[in-house]
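Comments concern the structure below.
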Amino acid sequence: MMHAPAASLSALKNDQIHVWTASLQASSSELALARTWLSEPETERAERYRFEKDQRRFIIGRAWLRKCLGRYLDVDPGIVPLRTGRHGKPELPQELRFNLTRSSEHAMIALSWRRPLGVDLEIQDRERGTHNSAIADTLFSSSERRVLSQADPERAADLFLRLWTRKEALAKAHGEGLGIALHDLSIPLVESARPLEFSSLGQSWTLLPVEAPPQHCAALVAQGRFRAQVIQNSRLISKIGSVFPESLL
Ligand SMILES: CC(C)(COP(=O)(O)OP(=O)(O)OC[C@H]1O[C@@H](n2cnc3c(N)ncnc32)[C@H](O)[C@@H]1OP(=O)(O)O)[C@@H](O)C(=O)NCCC(=O)NCCS
491 MMHAPAASLS ALKNDQIHVW TASLQASSSE LALARTWLSE PETERAERYR FEKDQRRFII
551 GRAWLRKCLG RYLDVDPGIV PLRTGRHGKP ELPQELRFNL TRSSEHAMIA LSWRRPLGVD
611 LEIQDRERGT HNSAIADTLF SSSERRVLSQ ADPERAADLF LRLWTRKEAL AKAHGEGLGI
671 ALHDLSIPLV ESARPLEFSS LGQSWTLLPV EAPPQHCAAL VAQGRFRAQV IQNSRLISKI
731 GSVFPESLL
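Residue numbers (this note's numbering): 491 to 739.
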């Protein structure tokens, strides 16, 4: 994995996949700026969040998404023509494909040219053991449950998160999200620093290596069998009001 994405469409057209990790924390002036970039439906959605923290995370996540897409499309964040596709998946009229995930104070955005993709980020929560096993019983396949039950308790929580983020990344790449029958989704169970090709839902996919922030687990799935190069920013981008740091571009 390299560490300096150039936010250019031509790099994506050369079968690269770019991944940006950004902070969802923001000062009140940054939040005010971010609000000005949102569309009317996005603003209405933001208003529906009951807790300020959730509202801020949604607004800043969308602002990062708009800012990032704007860099590739060479337009201002506020006029990125984002629209809502099937099952609520945000999309563009162009063939620039992307997916966003948020967990606690971080967002990750993955981009490709033409290849549908899904990314998922989850924070590691050691207290969730019982909850995890209830999820596993309903949403994991029998072979996944077997692998989980054979893991020693120390590893089981990490393994759970690895399987869960992979499933969710696949569901998001496919576009149906969690509406899909998750126990029917087969995903690679092995750990690998290389892309892993696999079949699921009658299509081929590739699980790509991606770095998560500390205490998080992340997964990235793109449609098709290929050896795309994943290029990821190594530092968290944290100032929504600044331009994307030039050193990373
Ligand atoms: C997509 C989904 C899996 C997100 O799960 P999550 O773990 O809560 O959230 P993540 O942070 O990983 O991802 C959220 C982002 O995924 C993207 N997203 C939304 N719907 C999506 C879909 N169907 N497929 C892929 N990505 C989607 C959005 O960018 C969203 O960010 P937003 O909240 O700023 O809009 C879940 O919301 C889902 O299953 N949605 C589809 C269900 C459906 O059919 N809804 C109908 C609405 S019209």
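Here a beta-carbon is modelled for each residue, glycine too, at the ideal position from N, C-alpha and C.
Could you check what DSSP says for residue i in three-state terms: helix, strand or coil?
{"i": "Q640", "result": "helix"}
{"i": "D564", "result": "coil"}
{"i": "L629", "result": "helix"}
{"i": "W554", "result": "helix"}
{"i": "A663", "result": "helix"}
{"i": "A524", "result": "helix"}
{"i": "R587", "result": "strand"}
{"i": "P704", "result": "coil"}
{"i": "E581", "result": "strand"}
{"i": "L502", "result": "helix"}
{"i": "Q535", "result": "Here residue 535 is Arg; the residue named in the question, Gln, does not match the sequence. It is helical."}
{"i": "R540", "result": "coil"}
{"i": "R635", "result": "helix"}
{"i": "S623", "result": "helix"}
{"i": "A646", "result": "helix"}
Report back the beta-carbon spacing between residue i and residue j to the nearest angstrom; my notes put them in contact at under 8 Å.
{"i": "I549", "j": "R525", "result": "6 Å"}
{"i": "V711", "j": "A659", "result": "4 Å"}
{"i": "C558", "j": "W527", "result": "No, C558 and W527 are not in contact; Cβ-Cβ is about 12 Å, not under 8 Å."}
{"i": "A718", "j": "L691", "result": "The pair is not a contact, with the Cβ atoms about 20 Å apart (cut-off 8 Å)."}
{"i": "T655", "j": "C707", "result": "5 Å"}
{"i": "E681", "j": "L651", "result": "Not confirmed; about 12 Å, so no contact."}
{"i": "W554", "j": "A600", "result": "Actually they are not in contact, since the Cβ atoms of W554 and A600 sit about 13 Å apart, beyond 8 Å."}
{"i": "Y562", "j": "L499", "result": "6 Å"}
Would you mind reading off the limits of the beta strand (DSSP E) that contains residue i?
{"i": "L607", "result": "607-613"}
{"i": "L601", "result": "596-603"}
{"i": "Q515", "result": "Neither: Q515 is in no beta strand (DSSP E) and is coded neither H nor E."}
{"i": "I775", "result": "Residue coverage of the chain in this structure runs from 491 to 739, which leaves residue 775 outside it and unanswerable."}
{"i": "E687", "result": "686-690"}
{"i": "I721", "result": "719-722"}
{"i": "S694", "result": "693-698"}
What residues match up with residue i in a beta bridge as DSSP calls it?
{"i": "W510", "result": "I599"}
{"i": "Q713", "result": "W695"}
{"i": "R576", "result": "Paired residue(s): none; R576 is not in a bridge."}
{"i": "S593", "result": "H596"}
Taking only beta-carbon positions, decide if residue i is within less than 8 Å of chain D.
{"i": "I625", "result": "No chain D appears in the structure shown, which is made up of a single protein chain."}
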